[in-house]
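If you want it as structure tokens, here you go:
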């Protein structure tokens with residue numbers, strides 16, 4: 008058991024317990040998830056860590072779990088840049104994605120016509136409002152609060168841009184906004200650079216997942232630094248979802264083969280020559296990459312190793 012003064016979040020981290028899979032009772036009272044980073048243990052506290060275990064089947068054992076909610080698809084997809092609302096709707100359906108992002112400040116509600124929100128079936132999809140276009144922590148926090156007022160879920164993609172030309176995220180501002188939003192009860196999924204130190208700090212303030220970029224937004228370059236992603240994965244106790252820079256299906260598969268928990272994309276699908284076919288390709292790539300990761304690839308070797316054994320041959 009951790010020493011007095013340790014936070015509930017710190018206790019779970021020291022035990023290697025996935026926070027998304029458990030609930031906490033202290034002295035027979037539930038400790039709200041949003042307070043875990045600040046809830047400090049005292050001498051004599053009785054802590055019970057509760058998880059839900061189903062009997063008779065391992066169905067759902069490989070689901071993506073975010074803040075206790077399970078998703079069968081590990082592909083998250085955006086709604087921007089499609090030619091029409093109908094194309095958006097079809098792409099979402101073909102992708103199999105269950106989490107769909109919407110840039111709240113870019114939804115035009117003044118035209119009176121259909122918007123991207125009309126393409127999202129709220130019975131099938133979990134809406135993930137994002138703070139795209141925000142350049143300060145204050146603006147991003149305000150946007151999330153607006154999303155909550157509009158009746159959207161508390162799960163938000165936090166994006167604070169630091170540079171207009173590269174669209175690289177502002178790490179300190181993202182961390183500042185995440186700290187505030189977690190305390191307000193939001194389930195925060197922050198977009199960040201592929202920086203292992205920042206990724207760990209975002210986890211420690213209570214983010215439900217961390218979303219490092221593969222490459223600059225919309226670049227299609229794929230994962231430029233797999234070594235940083237590996238370090239992030241080794242140290243993380245929350246899901247790691249690659250966000251931005253995916254160009255084609257092989258990029259998504261590589262991310263999943265590294266052990267990432269999911270991939271979020273928009274331009275790679277919406278900007279393809281055939282967005283609907285690419286949506287299908289991405290669905291299959293994410294699934295295949297995840298299976299390959301779980302299966303475990305063979306070791307890389309410099310020289311050949313015959314697949315047919317040479318022992319006990321008839322001479």
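In this note's numbering, the protein residues as written are 8 to 322.
Glycine is no exception: its CB is placed at the ideal position from the N, C-alpha and C atoms.
Quick caveat: nothing in here was measured; it's all calculated off a predicted structure.
- Among the bridge pairs identified by DSSP, residue 54 is matched with 33.
- If you compare the alpha carbons of 221, 15, 51 and 96 with that of residue 42, the shortest gap goes to 15.
- Straight-line measurement puts the Cα of residue 180 at about 32 Å from the Cα of residue 257.
- Assigned with DSSP and collapsed to three states, residue 102 falls in helix.
- Around the C-beta of residue 69, fewer than 16 other C-beta atoms lie within 10 Å, and the residue is accordingly described as exposed.
- Distance from the Cα of residue 246 is smallest, within the candidate group 253, 174 and 263, for 263.
- Residue 259 sits away from residue 214, with the two beta carbons spaced by 8 Å or more.
- Out of 17, 40, 48 and 23, the CA that lies nearest to the CA of residue 195 is found in 40.
- By the beta-carbon neighbour count (other beta carbons within 10 angstroms, threshold 16), residue 198 is buried.
- Within 10 angstroms of the beta-carbon of residue 304 lie fewer than 16 other beta-carbons, which makes it exposed.
- Ranking 189, 140 and 29 by CA distance to the CA of residue 211 puts 189 first.
- In the DSSP assignment, residue 312 falls outside any alpha helix (DSSP H), carrying neither H nor E.
- In this structure, DSSP gives residue 272 an extended state, which the three-state scheme calls strand.
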